Each structure stands twice: as structure tokens, then as C-alpha cells.
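> Quick one: structure below, then a few questions.
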Amino acid sequence: VINQQRMPKELLQNSLRPILVNLAHTKNLSMPLLQGLARLLELLSNWFNVTLGGKLLEHLKKWLEPEKLAQTQKSWKAGEEPKIAAAIIELFHLLPQAASRFLDELVTLTIDLEGALPPGQVFSEINSPYRLPLTKFLNRYATLAVDYFLSRLSEPKYFRRFMYIIRSDAGQPLREELAKSPQKILASAFAEFLPKSEAAVTAGSSTPPAALLGDEGSSIPPPDSSDLSSAAPAAASAAASDAYFQGLALVKTLVKLVPGWLQTNRIVFDTLVLLWKSPARISRLRNEQELNLVQVKESKWLVKCFLNYLRHDKSEVNVLFDILSIFLFHSRIDYTFLKEFYIIEVAEGYPPNMKRPLLLHFLNLFQSKQLAHDHLVVVMQMLILPMLVHAFRNGQSWEVVDPAIIKTIVDKLLDPPEEVSAEYDEPLRIELLQLATLLLKYLQNDLVHHRKELIKFGWNHLKREDSASKQWAFVNVCHFLEAYQAPEKIILQ
């Protein structure tokens, strides 16, 4: 009868009146009453007035004073207070559609209720009984909830709850809604990296139309800006900084939890690249000792996002070279995982047809001087030399290199004009000597036409006094003499 909505309205109202009378006073609340009301709301939500939510909020506010609540007359057993409050919050997602108007107050009150939980008990702020009921409410109004939390990215107490919920199994609907909103995330966290027109449009669309809120609904208010208007610029800057780092943590979490999300949202990837190249990030990296733990993780989070993308799209070359710059700085963060990625997944794991573009890109970067010498050194150490060693040892030589590539290496890297080679610093000379030695070791029969340039390269480094590269030059020349016949006089010399 209830399902078919055929019960006379007057009879139904008379039947519900005892329940509503019991709800009038906090002392009458009990688990059976609240569970029964929840069942009724599931079946007859439209019969209830949305103002019921306001009464429930009044009850919840009494839980902010646990000592006073414990002394009042009540229908529940001692110690059940958190369960009763959780059961009250559980009702909100069952209220009529217009209950979306309670989102701001319910979220704020839930945060305060968690803070009021007594320490050392079964339930605490960490093990909160209120998160799951709140999650159900947020899931119902997912679009509104996403806008609400993104507008408060700079406020840690909101951000922590939001992160907890989207990481939880129960928070999947909210997580999916967030994943559909990459532009909103970027506008909330990284507005300065977006084109101004795009950032303005996205920010302006973050408040949903009133139609989403039901007939009696109203839009959720943005964070109180009265303080910001009178705050010092430093405070506004700190808020923007918090939004940046917490937004980055949010993106990193989505990348981890939603497979393929970064690949299907190229605008997010491109924005992360801008973050990586920003002078502000590099400045923070140079002054890491001044950063807190969250800020220290900035570069690591970016690297993790990039690796996720690279594992799905091996044709992305630029970022593979860009992120190697992390090894130019001393850091508290252990980047062993990144070294292993280059050795195991790239040098050994990339197929030969993917290694050739990497080598060609490196040669282009070297000749165009787009990278500093210290960056080139890291690229050779972590990527190019391990990649060539694996290719040469596994019969992939001519799938990765060809005569034209060898000629470029010899003419442009090993035997360039004097004014070019004079600029090489010692670490770069050492890596180039290792590259030349590698070619002599594995491709000696194909380097016959380049013998003159190769011995000149090694010999010039042998003659350098007090240089670290001299030791590598001995190894290089020994490989040359082993590969090609030379007069005894030259060998003795």
C-alpha cells in the first residue's frame, strides 16, 4: 500500500504523528526510533517536510557538549551517544531533495562533532562513526559536494575529510563525480597556471544551478570571505599555497585511485608539467630545509603522476627527460623508485622501436643546448647509457642505432668544433668517454670509418693534466687499441 502511495493522507499523518512527537525532544531519541524513522524515510520521503533536517541539526548540536549531554535524561544507554548521533546523520541522505540546503551546516557540524569525541574511547576523531553517514549524504548531492569542498581547498579540516571520503569504498560516487571535474580541480588549485579566461569561466561555473537543489533549496554559501578582505596579503598568499599543495595531493590521489584518469584528461597532465617547470617549485626544491613535510612531497607527487602517465603512454618523450632534473638537487625524499623506473622499465623494458626516439631526442637536446650540462650528465647516467648497454647486449643494436645516428654521435658529440668541446665540463666529458667506450666495445666493426675521430677524442683526454676524465680516457683508449691494430710505438706511448 505504501509503495503504491494509496494510503489516505490523513491516516498517514495520524500514523506518523507519534514518531514526530518523539523527535521533538532529544531525551526521547533511541536507536529503534531512529532506525524506524530511517525506514519510513526510505519509503515515504516525499511525505516529510524538509524542515525535519533543521530539527535533527538542533539535536546534533547538543553532542558538542558531551559532559552536559551525559547528565541529561535520555532513552539510550550510557556510552551510546556517538551511535545515536551517527544514526541522526544517517537520516539526512533520506530527506527530500531540498535537504541539500543543509550541506554546509551538516559538514561543519560533523567536523565539530568529531572534535568533541572524547579521547581514548572506542570512537575518536580518527575512528569516527560519523564519516560513513556523512558520506552517504555527500554522495546524494555529489556535484554540489565537490564544488563545496573544492572551494575550501585551503582549509585543512575540510580537506582531510574530503580526502578520507574519496579514498573510501563508500565514497566512490563522490570520487567519480570529482574525476569528471578536472577543470574545477585545476581552477581551484592551480588557477595561476591556467589561461585567465579559462580559469575565470571554470571558477564561475563551480556553483551549480538552483535546480539541482530542489524546490526549496538554495545554493551553498562559499567560504566566508569577510576575513580575507581585511586580511594581510601574506594570509591570502598562505591560503593560495595551501590550496596548491592540497590540490596537488588531490590530483595525486585521483591518479592513483582512478585508472587511466590522467591519460584521458590531458589538460591535467599539461598543467602538471607547468607545475614541474615553474620557478617557484625549483626555488622550493633548492630551499627544502625551510619546507614542511607536505611541501617537501611536492616533487615526489608530481613524479608519481608522471610515471603513471608514462606507464600508459610510452610515446611521451619530453617528460621522461624533464623529471630527471630531480637528481640535480639534494632532497630528503628517497627517489630510488625513480632510478628503478629508468633502469628496469625504460632501459630494459621499452621495446627497441621506443628506444630509438629517446636516443634521437637526446641527440637533439644535446646539439640544441636546451639542457644544462649537469642535466645532460644525469640523462646519460640514468637513461641513455643503460638503454644502449641493454640494447647492445640483447641483439637490439641496429633497431636502436643506425649509421646516421653513429655519425651524429661522433661528429656532434665526440668530435665537434674546438669551440664547442671547450665548453664541456668534466662530468660531461666522463659520460661522453663512457659512451665512446661503449660503442668501441660493441660496434667496433661498424666504426672503422670513424677511427680517426675516436682515437683523437680519447687521446686528447689522455693529455689533460689533473682531470678526472683522464682515468676514463685510459679505459677508452685501451678499448680502441684492442679493437683496431695500432703501431707498437703508439701503444707504448
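In terms of the UniProt record's numbering, the sequence shown has 152 at position 152, counting the first letter as 1, and numbering is strictly consecutive. All C-beta atoms, glycine included, are put in the ideal place defined by N, C-alpha and C. Given the structure is predicted, the values throughout are model-derived calculations rather than measurements.
Quick one: using the 10 Å Cβ neighbour count with 16 as the cut-off for buried, is T135 buried or exposed?
Its Cβ being crowded by 16 or more others within 10 Å, T135 is buried.
> As an exercise, report each continuous alpha helix (DSSP H) stretch of at least 4 residues that is fully enclosed by the segment 236–311, in chain order.
List check, alpha helix (DSSP H) in window: 261–264, 266–277, 279–286 and 293–296.
> Any Cβ of chain B within less than 8 angstroms of the Cβ of I326?
Any reference to chain B falls outside this structure, which holds one protein chain only.
> Cβ atoms of R152 and T253: under 8 angstroms apart, would you say?
Not a contact, by the Cβ cut-off of 8 angstroms.
> Would the segment 472–486 count as touching the segment 424–443 if we require 3 or more Cβ pairs under 8 angstroms?
Yes: at least three Cβ pairs fall under 8 angstroms.
> Since V303 contacts I326 with CB under 8 angstroms, what's their CB separation in whole angstroms?
Correct: roughly 7 angstroms between the Cβ atoms.
> Can you tell me where the alpha helix (DSSP H) with Y164 in it begins and where it stops?
Counting along the chain, the alpha helix (DSSP H) containing Y164 begins and ends at P156 to R167.
> Measuring alpha carbon to alpha carbon, tell me which residue in N46, I84 and L447 is nearest L57.
The candidate whose alpha carbon is nearest that of L57 is I84.
> If we ignore side chains and look at the alpha-carbon of each, how far apart do R451 and A483 end up?
About 10 angstroms.
> Please say whether I405 and L338 have beta carbons closer to each other than 8 angstroms?
Contact: no.
> Indicate whether L443 and L414 have their beta-carbon atoms separated by less than 8 angstroms.
No, they are not a contact pair.
> For the segment 272–291 against the segment 347–357, do three or more pairs of beta-carbon atoms, one drawn from each stretch, fall closer than 8 angstroms, so that the two count as touching?
Cβ pair count under 8 angstroms is below three, so no.
> So is Q485 buried or exposed if we call it buried at 16+ other beta carbons inside 10 Å?
Exposed, by the Cβ-count rule.
> With burial defined as no fewer than 16 other Cβ atoms inside 10 Å of the residue's Cβ, what is the status of V21: buried or exposed?
Result: exposed.
> Check G54 in the structure and name its three-state DSSP category.
Three-state result, G54: helix.
> What's the gap between the Cα of I89 and the Cα of L106?
Answer to the nearest angstrom: the Cα atoms are 8 angstroms apart.
> Who are the near neighbours of E426 in its chain, counting only those whose CB is closer than 7 angstroms to its CB and skipping five residues on each side?
Excluding positions up to five away in sequence, the list reads S467, A468 and S469.
> Under 8 angstroms, do N308 and L262 count as touching if we go by C-beta distance?
A contact, by the Cβ cut-off of 8 angstroms.
> For V317, which of helix, strand or coil comes out of DSSP?
Note: V317 maps to coil in three-state DSSP.
> Pick helix, strand or coil for L29, following the three-state DSSP scheme.
Reduced to three states, the DSSP call for L29 is coil.
> Among D270, E298, T271 and A145, whose alpha-carbon lies nearest the alpha-carbon of S283?
That would be E298, whose Cα lies nearest to the Cα of S283.
> Find out if the Cβ-Cβ distance for the pair H373, L428 is shorter than 8 angstroms.
Yes. Within cutoff.
> Hey, quick one: how far does the alpha helix (DSSP H) through E348 stretch, first residue to last?
Per DSSP, E348 belongs to no alpha helix (DSSP H) and is neither H nor E.
> Can you tell me the Cα-Cα spacing of L274 and I126, whole angstroms?
One C-alpha to the other measures close to 36 angstroms.
> What residue range does the alpha helix (DSSP H) around F193 cover?
Premise fails: F193 is in no alpha helix (DSSP H) and is neither H nor E.
> Take V400 and list the residues in its own chain whose beta-carbon comes closer than 8 angstroms to its own, dropping the five residues that flank it on each side.
So the qualifying residues of the chain are P352, K355, R356, L359, M387, L388 and A391.
> Determine the direct distance from the alpha carbon of T26 to that of K74, and round the result to whole angstroms.
Computed Cα separation, rounded: 7 angstroms.
> Which of the three DSSP states is assigned to N394 in this structure?
In this structure, N394 counts as coil in the three-state DSSP scheme.
> At what residue ranges does the segment 72–101 contain a whole run of the alpha helix (DSSP H), taking only runs of 4 or more?
If we require 4 residues or more, the alpha helix (DSSP H) runs fully inside the segment 72–101 come out as 81–90.
> For L186 and A240, I'd like the C-alpha separation in whole angstroms.
When rounded, the distance between both Cα atoms is 13 angstroms.
> Does the distance from the C-beta atom of E316 to that of Q381 stay below 8 angstroms?
Contact flag unset, no.
> Taking the continuous alpha helix (DSSP H) assigned at A116, which residues delimit it?
Unbroken alpha helix (DSSP H) run through A116: L103 to A116.
> In this structure, does DSSP put G458 in helix, strand or coil?
Three-state result, G458: helix.
> Residues in the same chain with beta-carbon distance under 7 angstroms from N265, minus the five sequence neighbours each way, listed in chain order, please.
The residues are P182.
> Count the other CB atoms, across all protein chains shown, that sit within 10 Å of the CB of Q246; report buried if there are 16 or more and exposed otherwise.
Q246 comes out buried.
> Do L324 and V378 have their C-beta atoms within less than 8 angstroms of each other?
Result yes, Cβ atoms of L324 and V378 sit closer than 8 angstroms.
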